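Single-structure report; data block below.
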Amino acid sequence: MKRLSMAAAHDFILKKAQADRVDAEILATEERKLTLESFELELSQITQATQGGLGIRVVSGGKTGYASTEEVTEEALDWVYTEAKENAELQSETGGFLPAGQNLGYKDLLSEGLSAPIEEKADAALELEKNLRSDKRMQQVAINRYAETETQVSLSSTQGAKGGYRNGYSALMASFIMREGDSLKQAFDFQLEKDFHVLEPGKTALDMIERVGRQLGASNLKTGRYTAYFEPKAFAQILGLVIYMLSAKSVMEGKSRLADKLGKQVASSLVNLIDDPDLKDGKANQPFDSEGTPTTRIALVENGILKSFFHNSHTAKHLGQANTGHAQRSYKATLGISNTNFFLEPGQGLKPQNGIIITDLMGVHAGANPISGDFSLQAFGLKVNAEATEPVENFVISGNLLDLLTKISGLGDTLEWNPFSGMIGSPMVEVQDLSFAGS
Amino acid sequence: MIDPAIAETVLKIPDNYGADFAELYIERWRKRFIRNINREVKEATSNIELGAALRLFYGHEVVYAYTNDLSEEALTELAETLAKLKGDKGKVDAQGRGGLDFRKESHQNLHAPKLPFDSHDKKYRLERLYEIDTAARLSPDIKQVEAGYLEWEQDVLVANTEGIWAEDRRVRSRAVAQVIASNASDTQTGSSAPGLSMGLELFERFSPASIGKKAAEQALTNLSAKKAPAGPMPVVIGNAFGGVIFHEALGHLLETTSVAKKASVLSDLLGEKVASDTVTYIDDGTIKHGWGSSEFDDEGMKTESTTLIENGVLKSYMVDKLGAMKTGYRATGSGRRQNYTYAPTSRMRNTFIAPGTTPKEDLFKDISYGLYAKDMGGGQVKPGSGEYNFAVKEGYIIRNGEIQEAVRGAMLIGKGPESIKKITAVSDDLDVGPGMCGSLSGSIPVEVGQPHLLVSEIIVGGEA
């Protein structure tokens, strides 16, 4: 059967739902990707792709069901619509609803940022690899890649929501191994920009080498309690866990230990946590969330006091709080919550004196439990004192996230972004008396 | 899923433009997922995923493209755009080449479900989830029970210019229980998530009650547990999902994806002693109904059982098509990908440490102070440095040869090549568990496994 356009697919579902007197919402995404990989200074893999699909959410008699498809034919849309209604029937709760919609217009957040000949993009990848290989401690560059993605999002509902936007990014990424004597260190690192022309392969390579090279020759760390100085990208990984606790969906599902802490001190008074969907040069800007609620800047924690959770329409109504416009779903998924540009506001500045600078964390998905807040995380770092700074390895930091937040005793003055889990920004963070398990 | 004549037309385009090899991969998935909390359906969804991917080789250079549009026009256009991306160099006269003459092989239903997707309605699934919930209510401290059921049917076709035409149907089901236990001072979790390549008969292999009870017991154990100790010590690692440590510390280092680029610390070591004598390590894609089993890999090659390490000696890597071309090693049916959006790379299937001869009790008897890591969570590895970590979900102190109080929050870390030399004894109670493994070609189902075994020293990251 013939593949329909996304616009035709929106109409097809809306008409069906209106005829059935069922509330329905359609979220569609169409994505274009290009990646260029080089190995040993030759182009080794080119990927060109398009992918698109649509997901529907139906509410019938207060019950909610979902379904999605990448096969955009009338036959597949019929299946998806029927499945979504059937899935809704499984619920016994009847509090489901679709939010009132509005005309959201169309916004282009990308403009001409990705327009350049493919040869120039290939050259950027080759330039990155060449610069990485110029360091004599470089053992191997296993992955070296230029990648870009352009995304078109469209939303419509029987409640009158209608809108779309286009976004995208370009990035340089590499996975490489450095050696000095018997000491081996590997990293996966990347630089992400909205605009291809802003990428600087030479500088990015130097930054990547600097971050890994300083770990070579590391010695084991002695078990003990030390002052920790988290570098921004490492602390951003910790903040990823805090987002889970700040999600009203976690609260509603009994999975957040911050549930009853609104208006209370939950972190050191130095801590201000902000989410800004309209940040200058923000990589995760978006005009409206996945159910069409216009987005806006919010403070989640102010001077250590919990001010708000991240909400979608469903959690806001259920908990009787304001909808913050943080609904998130891909077309394949059910309604969730996510941040946009989320960051810990920088402070007065910080100079590591005596303790361990934590440069990277590994296995955060496995070593931290965002429900209990407990974490035990493999870390890499630099031991610093009045005499010297030297690399240390083979150790684990552990504690509880809520304790960690209250023990923050200093903040750096420069914000850096980590694009690994949404966009999360942080300055350097000092935490006194943290547990380090080593040799 | 597609007419062979169309596949031939599409594959001939790059062939005519001078590609050394062209492969068409087409798949269609039907997935369903239900998630309950405290007996209420919180989310129920159904998905169709459909796509086609075209992969071309020019020497060792790979060109890859994918689309959701499977019409002949769209696929032809994709092939032309891709072939032209490489320019006209090496263009061969279309008349000079013969037809593709596909050697058709269909799956033999080795892992076919007894109770497929449509054999029961959704209510039937809900009732099983209620049974998980009921069985998990072991104490007033059990505050919340989440029960979910995930199932999918994946139809796959791989056709290439070497005449491969392989069709496979992969059906997988997984039940997930996550339990939260709290008392006045603390909140802890426990989970259980069995999955196999089968249909609803999963609940015959693992009764809903056993799934709920296991997760609840683990949550209660963790609620009463003390914080794990810190420092290097002997560790007995439990069977089944305990195998995740060697999935991370060893398995990933044996994939040609890293090995071919000499980006693994275990590159170029075939025939060498890399582990202690007690270690035999196998990756088997043929285990009946194994979570990581399939009849063909994602490059259309029949899967097999590959002995990677035998009595400590490295015998084989896991080799995909490109890896075989680059290294000269025999391909092992290990080319896998999450879906059409990823080019395949060498990946694990069902990977386990073979049973040894030491009685399980004997692993503990000489340990004056150590850790029993009974159940494991996930972990991560850097193949180029061998550095790995993995989390203990349920752990106990071993004191004077006895398993004693429960401890929580232990993270085991080390360097793979050093840790595998410290496996000093392997028991005979092999069991396996399912996991999702994330790597270059996406997130794929794999089984990990092992008998109980003793590692003479690992750094335990607990509270100092």
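Chains as they are written, first to last, in our numbering: chain U, 1301 to 1739; chain P, 20 to 483.
Just so it is clear, CB atoms sit at the ideal spot from N, CA and C, and this is done for glycine as well.
Just so it is clear, the structure is predicted and the values come from calculations on it, not from any experiment.
By the criterion of Cβ-Cβ separation under 8 Å, what are the contact partners of residue i in chain U?
i	result
residue 446 of chain P	Correct list: empty, because the minimum Cβ distance to chain U is about 25 Å.
residue 409 of chain P	1663 and 1666
residue 237 of chain P	Residues of chain U passing the Cβ test: none, with the nearest at roughly 12 Å.
residue 56 of chain P	1553 and 1554
residue 162 of chain P	1554
Where residue i and residue j are concerned, what is the direct C-alpha to C-alpha distance, given to the nearest angstrom?
i	j	result
residue 402 of chain P	residue 1517 of chain U	18 Å
residue 124 of chain P	residue 1388 of chain U	40 Å
residue 109 of chain P	residue 346 of chain P	Here residue 109 of chain P scores only 49 on pLDDT, less than 50, and its place in the model should not be relied on; the value that follows carries that caveat. So the alpha carbons of these two residues sit roughly 25 Å apart.
residue 1345 of chain U	residue 1337 of chain U	5 Å
residue 1485 of chain U	residue 1511 of chain U	10 Å
residue 1358 of chain U	residue 1322 of chain U	7 Å
residue 479 of chain P	residue 224 of chain P	34 Å
residue 422 of chain P	residue 375 of chain P	21 Å
residue 52 of chain P	residue 1629 of chain U	15 Å
residue 1428 of chain U	residue 1533 of chain U	21 Å
residue 313 of chain P	residue 1361 of chain U	42 Å
residue 185 of chain P	residue 75 of chain P	18 Å
residue 411 of chain P	residue 428 of chain P	7 Å
residue 233 of chain P	residue 155 of chain P	8 Å
residue 438 of chain P	residue 101 of chain P	45 Å
residue 324 of chain P	residue 354 of chain P	14 Å
residue 20 of chain P	residue 1730 of chain U	58 Å
residue 1355 of chain U	residue 1559 of chain U	30 Å
residue 1588 of chain U	residue 152 of chain P	37 Å
residue 253 of chain P	residue 415 of chain P	12 Å
residue 1744 of chain U	residue 1738 of chain U	A query on residue 1744 of chain U cannot be resolved here, the shown segment of chain U reaching from 1301 to 1739 and no further.
residue 1553 of chain U	residue 237 of chain P	20 Å
residue 196 of chain P	residue 61 of chain P	14 Å
residue 1458 of chain U	residue 300 of chain P	57 Å
residue 274 of chain P	residue 456 of chain P	13 Å
residue 1732 of chain U	residue 1709 of chain U	7 Å
residue 472 of chain P	residue 42 of chain P	43 Å
Could you tell me which chain P residues have their CB closer than 9 Å to the CB of residue i, listed as they occur along the chain?
i	result
residue 1387 of chain U	51, 53, 60, 62, 63, 64, 65 and 141
residue 1303 of chain U	87, 88, 89, 90 and 93
residue 1457 of chain U	Result: empty, since nearest Cβ-Cβ is about 17 Å, beyond 9 Å.
residue 1398 of chain U	Within 9 Å Cβ-Cβ: nothing; residue 1398 of chain U doesn't reach chain P, min ~16 Å.
Starting from the beta carbon of residue i, find every residue of chain P whose beta carbon is closer than 8 Å, and list them in chain order.
i	result
residue 1351 of chain U	70, 85, 86, 87 and 360
residue 1523 of chain U	249, 250 and 483
Which whole-angstrom value is the C-beta distance of residue i and residue j, which I expect to be below 8 Å?
i	j	result
residue 192 of chain P	residue 214 of chain P	6 Å
residue 322 of chain P	residue 366 of chain P	Wrong, their Cβ atoms sit about 11 Å apart, outside the cutoff.
residue 1583 of chain U	residue 1728 of chain U	About 21 Å separates the two Cβ atoms, so there is no contact after all.
residue 466 of chain P	residue 310 of chain P	5 Å
residue 315 of chain P	residue 468 of chain P	Between residue 468 of chain P and residue 315 of chain P the Cβ distance is about 22 Å, and since that is not below 8 Å, they are no contact.
residue 1627 of chain U	residue 1591 of chain U	4 Å
Name, please, each residue of chain U whose Cβ falls closer than 7 Å to the Cβ of residue i.
i	result
residue 251 of chain P	1739
residue 82 of chain P	1346
residue 277 of chain P	1442
residue 271 of chain P	Simply none; closest approach about 12 Å.
Whose Cβ in chain U lies nearer than 9 Å to the Cβ of residue i?
i	result
residue 430 of chain P	1663, 1666, 1667, 1675, 1676, 1677, 1678, 1696, 1698 and 1737
residue 199 of chain P	1554, 1555, 1671 and 1672
Along chain P, in chain order, which residues have C-beta atoms closer than 7 Å to that of residue i?
i	result
residue 1393 of chain U	59
residue 1538 of chain U	Simply none; closest approach about 15 Å.
Segments assigned beta strand (DSSP E), at least 3 residues, entirely inside the segment 1618 to 1651 of chain U:
Fully enclosed beta strand (DSSP E) runs of 3 or longer: 1641 to 1644.
Which residues, in chain order, does the segment 1651 to 1669 of chain U contribute to contact with chain P at a C-beta distance below 7 Å?
Within the segment 1651 to 1669 of chain U, the qualifying residues are 1662, 1663, 1665, 1666, 1667 and 1669.
Closer than 8 Å between beta carbons: that is the criterion. Which residues of the segment 279 to 309 of chain P meet it against chain U?
Listed in sequence order: 280, 281, 282 and 284.
Closer than 7 Å, Cβ to any Cβ of chain U: which residues of the segment 201 to 217 of chain P, in chain order?
Listed by position along the chain: 206, 207 and 208.
Positions along the segment 1361 to 1380 of chain U whose CB lies within less than 8 Å of some CB in chain P:
For the segment 1361 to 1380 of chain U, which is checked against every Cβ of chain P, the residues closer than 8 Å are 1365, 1366, 1367, 1368, 1369, 1370, 1371, 1372, 1376, 1379 and 1380.
Quick one: which residues of the segment 1621 to 1652 of chain U get their C-beta closer than 7 Å to a C-beta of chain P? List them in chain order.
If the cut-off is 7 Å between Cβ atoms, the segment 1621 to 1652 of chain U has 1632 and 1634 near chain P.
Length-filtered (3 minimum) beta strand (DSSP E) runs lying within the segment 86 to 157 of chain P
DSSP runs (the beta strand (DSSP E)) wholly in the segment 86 to 157 of chain P: 122 to 125.
Listed in chain order, which residues of the segment 1475 to 1496 of chain U have Cβ atoms closer than 7 Å to some Cβ of chain P?
Taking a C-beta cut-off of 7 Å against chain P, the contacting residues of the segment 1475 to 1496 of chain U are 1477, 1484, 1485 and 1486, listed in chain order.
Counting only Cβ-Cβ distances shorter than 7 Å, please list the residues of the segment 1556 to 1583 of chain U near chain P, keeping chain order.
Within the segment 1556 to 1583 of chain U, the residues whose Cβ lies closer than 7 Å to any Cβ of chain P are, in chain order, 1557.
Which ranges would you report for the alpha helix (DSSP H) in the segment 220 to 283 of chain P if only whole runs of at least 4 residues count?
Unbroken alpha helix (DSSP H) runs of no fewer than 4 residues, entirely contained in the segment 220 to 283 of chain P, are found at 221 to 224, 227 to 243, 263 to 268 and 275 to 278, following chain order.
Residues of the segment 388 to 404 of chain P with a CB closer than 8 Å to any CB of chain U: list them in chain order, please.
Correct list: 396, 397, 398, 399, 401, 402, 403 and 404.
The segment 1433 to 1465 of chain U: which residues have C-beta closer than 9 Å to a C-beta of chain P, in chain order?
If the cut-off is 9 Å between Cβ atoms, the segment 1433 to 1465 of chain U has 1439, 1440, 1441, 1442 and 1443 near chain P.
Near-chain U residues of the segment 118 to 145 of chain P (beta-carbon distance less than 7 Å), N- to C-terminal order
Residues are counted here when their Cβ sits less than 7 Å from a Cβ of chain U; for the segment 118 to 145 of chain P these are 141 and 145, given in chain order.
Between the segment 174 to 187 of chain P and chain U, which residues of the former have CB atoms less than 8 Å from a CB of the latter, in chain order?
Hits within the stretch: zero.
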